[in-house]
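As numbered in the numbering used here, the sequence shown has no gaps in its residue numbers, which increase by one up to the final residue, 222.
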Amino acid sequence: MGDLIASGELARHSLVSLRRVSLGYAFAITLAVPLALLFVLSRPLRATFEPLLEFLRQIPPLALMPLLMLWLGIGETQKIGIIVLSCFFPIFLGVRGGFAAVDRKLIDVGTVFGFARPEIMLRIVLPSALPAIVVGLRIGLGYSWRALVGAELIASSAGLGYMIVDAENLARTDIVLAGILVIGALGLAADLLLRLAIRTLAPWLAGDLEMARA
9 MGDLIASGEL
19 ARHSLVSLRR
29 VSLGYAFAIT
39 LAVPLALLFV
49 LSRPLRATFE
59 PLLEFLRQIP
69 PLALMPLLML
79 WLGIGETQKI
89 GIIVLSCFFP
99 IFLGVRGGFA
109 AVDRKLIDVG
119 TVFGFARPEI
129 MLRIVLPSAL
139 PAIVVGLRIG
149 LGYSWRALVG
159 AELIASSAGL
169 GYMIVDAENL
179 ARTDIVLAGI
189 LVIGALGLAA
199 DLLLRLAIRT
209 LAPWLAGDLE
219 MARA
């Protein structure tokens, strides 16, 4: 592992993987959050597309890799697509479940007090939904790191997943272990940063974070 660090190879592979996970996670949030809100707000949309989404949720993302290679080509888009598919559903379910579980009586109370719709959303709905949303975000982030090795299996020349598979072919157990440890460390650091951001933006959720951690 010392040679990997000294040569800069470990840093290079780590940065490539970190970029892929970051992009995949960001794209998943961008897709999952508005779609979950639409599902909560539109019963016809929910009735029409929920069976399809439930069907897709049961399919392992790696099983879709051949189709992604045909549709997206063998490159960064395909690798990021695997990560997006892996963490999309935890985020989607967290956001949808959080907003769907908001107590209607709280909204009625806000209406009685004369809150406008934006105020009801910001002061009642969003705070009530945030605990479930946070859980979805954290689970999705973990899934993105789990999908990394599979995403980097095909036609990769860099990344921690590629480094692990290449080391396996060369029977370099030390490099395999180094890659596993780095993925775990980066995943832990990413989760810590996410929790720090949540504590900063929504300090009232500190107790929920500790319960989720336990």
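Backbone N, C-alpha and C define an ideal beta-carbon position, used for all residues, glycine too.
CA-to-CA distance, residue j to residue i, given in whole angstroms
{"i": "MET73", "j": "SER152", "result": "15 Å"}
{"i": "GLY16", "j": "SER50", "result": "51 Å"}
{"i": "LEU89", "j": "GLY81", "result": "Inspection of the sequence shows that residue 89 is occupied by Gly rather than by Leu. Cα-Cα distance, rounded: 11 Å."}
{"i": "ALA55", "j": "LEU43", "result": "14 Å"}
{"i": "LEU189", "j": "THR208", "result": "28 Å"}
{"i": "ALA175", "j": "PRO126", "result": "54 Å"}
{"i": "VAL120", "j": "SER136", "result": "18 Å"}
{"i": "VAL173", "j": "ARG27", "result": "19 Å"}
{"i": "GLY187", "j": "ALA155", "result": "14 Å"}
Nearest to residue i (by Cα), restricted to the options the options
{"i": "VAL103", "options": "ARG146, VAL173 and GLY169", "result": "ARG146"}
{"i": "VAL133", "options": "ASP116, ILE37 and ALA193", "result": "ASP116"}
{"i": "PHE100", "options": "VAL48, VAL120 and LEU156", "result": "VAL48"}
{"i": "ASP111", "options": "GLY122, ILE128, TRP79 and ASP182", "result": "ILE128"}
{"i": "VAL41", "options": "ILE162, GLU62, MET171 and ALA140", "result": "ALA140"}
{"i": "VAL29", "options": "GLY158, LEU185, ILE67 and ALA163", "result": "GLY158"}
Outcome for residue i when other beta-carbon atoms lying within 10 angstroms are tallied against a minimum of 16
{"i": "ALA109", "result": "exposed"}
{"i": "GLY144", "result": "buried"}
{"i": "PHE63", "result": "exposed"}
{"i": "ALA198", "result": "buried"}
Expected contact under 8 Å - CB spacing of residue i and residue j to nearest Å
{"i": "GLY32", "j": "CYS95", "result": "7 Å"}
Query raised in the report: Can you list the alpha helix (DSSP H) stretches of 4 or more residues lying completely in the region 63-146, in chain order?
Result: 73-80, 84-108, 112-120 and 125-128
Report task. Identify every run of the alpha helix (DSSP H) within the region 16-48, keeping only runs that are complete inside it and at least 4 residues long; order them along the chain. Result -> none
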